[in-house]
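Visitor: Each number in our numbering comes from the position in the sequence shown (counting from 1) with 89 added on.
C-beta: ideal position from N, C-alpha, C; glycine also.
Owing to the predicted nature of the structure, the values given are computational and were not obtained by experimental measurement.
Can you read through this structure? Questions will come right after.
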Amino acid sequence: MKTERLHGQSVYLVEAVKRALKDRGMTYADVAAALGLSHASTKRIFAQRSFTIDRVEQLCELIGISFLDLARMAEEGRPAARDTLNDALEQALVDDPMLLFCFHLLLGGWTVARIENHYGVGQAMLIPALVKLERMGLIQLLPGNAVRLMTARNIKWRPGGPIRRFFDQRVKEEFLARDFSSPGSVWEFEIGELSEASRALLSRRIANLFREVRDLVAQDAALPPALKTNVGMLIASTPVPLELLARDIADSLESQAPEY
C-alpha cells in the first residue's frame, strides 16, 4: 500500500481537493461515507492535511478526476513564484561564477548529485554555494542535499541587468561562434522591411515561442539525463540600417571606379 504521507506544499493539493469537492456539491459527510471514516476524522484529516497517497487516490476516484488533473489544479492555486530578480541578486550571481553555475543548473532541473557526477565538483565547493543561494532566497535546502527552487524555473533576466550584460559579453560571442552546420542545429537569417504592426506581431510570436520552449524544458525535466541533450536557442530581432547589406557593394563599386 502507498501509505507515504504528503509533505511540503501539500497545502495546495488539499486546497485543490476542497475546490473540486465544492464544485461538485460534495461535503465532508460525503467524503466520510465514501472513505469509511467518521465525520470528525474526515474533518481532522483535512485540517491537519494528513493525507496518504492512497487517500488522495481515493478522493480522486470519488471526485472523478485523475491525480495528474488534481496536481494541475494544485499548481494553478499556488502563489506565483517570482520570475525576475532585482539588480543586487543578479549582480551577486555574476560576481560569483560558482553561484551562477549552480543556480543555472538547478533552474534546469539538475540535482546536486547529478552536478557532482557530471562535472566532478565536490561537496566542498557545492555546499557553500548552495548555502549562499539559500541565504539569497533563491533556493531552499532540504535533507539529503535535495533542493527546492524558491523562484520560477523560467527567470526573465532584465534587459540591461547584470545577467544580460554578462551574457552579452561572454555567452553570446561563444554561442554564435559555434558550428551551426552540425546535425540538429538550426541557423536562419532574414532581413526585410516590416510595418509597425508586423513587428509587433513578430515580437508576440517570438515571446510565444520562448514560452513553448520553457514549457518543453519543464516537461522534460523529469526525464533521465541520457534521454536529453543540452540545447541553446537565441533569437534576435532589431532594426538594421540598409548600409549593413550595401557596405560590400559600395566597397566593390569604389574599387572598380575608373581612375582619371
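#1: Does the separation of the CB atoms of R240 and D172 fall below 8 Å?
#2: May I ask which residues mark the beginning and end of the alpha helix (DSSP H) holding V236?
#3: Skipping 5 residues on each side, what residues in its chain have a beta carbon closer than 8 Å to that of L231?
#4: In the DSSP assignment, find the unbroken beta strand (DSSP E) run with Q308 in it and report its ends.
#5: Pairs of beta-carbons, one from the stretch 257-267 and one from the stretch 216-234, closer than 8 Å: are there three or more?
#6: Between the beta-carbon of K221 and the beta-carbon of L188, is there less than 8 Å?
#7: Hey, how far is the Cα of A105 from the Cα of K245?
#8: In terms of residues, what are the limits of the alpha helix (DSSP H) holding Q180?
#9: For the stretch 269-279 against the stretch 203-213, do three or more pairs of beta-carbon atoms, one drawn from each stretch, fall closer than 8 Å, so that the two count as touching?
#10: Name the DSSP beta bridge partners of L230, please?
#11: What's the C-alpha gap between A109 and I152?
#12: Where do the ends of the alpha helix (DSSP H) carrying I324 lie?
#13: Skipping 5 residues on each side, what residues in its chain have a beta carbon closer than 6 Å to that of K107?
#14: Should S127 and A121 be called a contact, given that it needs their Cβ atoms to be closer than 8 Å?
#15: Evaluate T92 with the Cβ neighbour count: other Cβ atoms within 10 Å of its Cβ, from every protein chain shown; 16 or more gives buried, anything less gives exposed.
#16: Determine whether the Cβ of W246 lies closer than 8 Å to any Cβ atom of chain E.
#17: Specify the secondary structure class of T116 as computed by DSSP and reduced to three states.
#18: Please report the residue range of the alpha helix (DSSP H) in which N206 lies.
#19: List in chain order: all unbroken alpha helix (DSSP H) runs of 4+ residues lying wholly within the stretch 141-172.
#20: Considering S130, what are the terminal residues of the alpha helix (DSSP H) in which it resides?
#21: According to the neighbour-count rule (16 or more other Cβ atoms, all chains shown, within 10 Å of its Cβ), is I324 buried or exposed?
#22: Please list, in chain order, all residues of the same chain as L102 whose beta carbon is under 6 Å from its beta carbon, the five residues on each side excluded.
#23: Between the C-alpha atoms of F255 and I280, what's the straight-line distance to the nearest angstrom?
#24: Secondary structure at I216, three-state DSSP: helix, strand or coil?
#25: Can you name the start and end residues of the alpha helix (DSSP H) that L316 belongs to?
#26: Taking the alpha carbon of V275 as the point to measure from, which residue in G249, R242, R259 and V320 has its own alpha carbon closest?
Guide: Judging by the given coordinates:
#1: For clarity, residue 240 is Thr in the given sequence; the question names Arg instead. Yes, the Cβ-Cβ distance between T240 and D172 is below 8 Å.
#2: Per DSSP, V236 belongs to no alpha helix (DSSP H); it is in the beta strand (DSSP E), A235 to L238.
#3: Excluding positions up to five away in sequence, the list reads R237.
#4: Per DSSP, Q308 belongs to no beta strand (DSSP E); it is in the alpha helix (DSSP H), E285 to D309.
#5: Touching, no, given that fewer than three Cβ pairs across the two stretches are closer than 8 Å.
#6: K221 places its beta carbon less than 8 Å from that of L188.
#7: Going by the C-alpha atoms only, they are around 28 Å apart.
#8: Note, Q180: alpha helix (DSSP H), D176 to D184.
#9: Fewer than three Cβ pairs drawn from the stretch 269-279 and the stretch 203-213 lie within less than 8 Å of each other, which leaves the two stretches out of contact.
#10: Paired residue(s): V236.
#11: Spanning the alpha carbons of A109 and I152 requires a straight line of approximately 7 Å.
#12: Element bounds for I324: n/a, residue is neither H nor E.
#13: So no residue of the chain qualifies.
#14: A distance below 8 Å separates the beta carbons of S127 and A121.
#15: Annotation note: pLDDT 42 at T92 (below 50); position unreliable, no value reported.
#16: Of the protein chains in the structure, only one exists, and it is not chain E.
#17: It is coil, neither helix nor strand.
#18: In this chain, the alpha helix (DSSP H) harbouring N206 covers V201 to Y208.
#19: Complete alpha helix (DSSP H) runs here, min 4: 142-152 and 156-166.
#20: The continuous alpha helix (DSSP H) containing S130 extends over residues H128 to Q137.
#21: The residue is exposed, with fewer than 16 neighbouring Cβ atoms inside 10 Å.
#22: These residues qualify, in order along the chain: A163.
#23: Each residue's alpha carbon lies about 27 Å from the other.
#24: Note: I216 maps to helix in three-state DSSP.
#25: No residue range can be given for L316, since it is assigned to no alpha helix (DSSP H) and is classified by DSSP as neither H nor E.
#26: Nearest of G249, R242, R259 and V320 to V275, Cα basis: V320.
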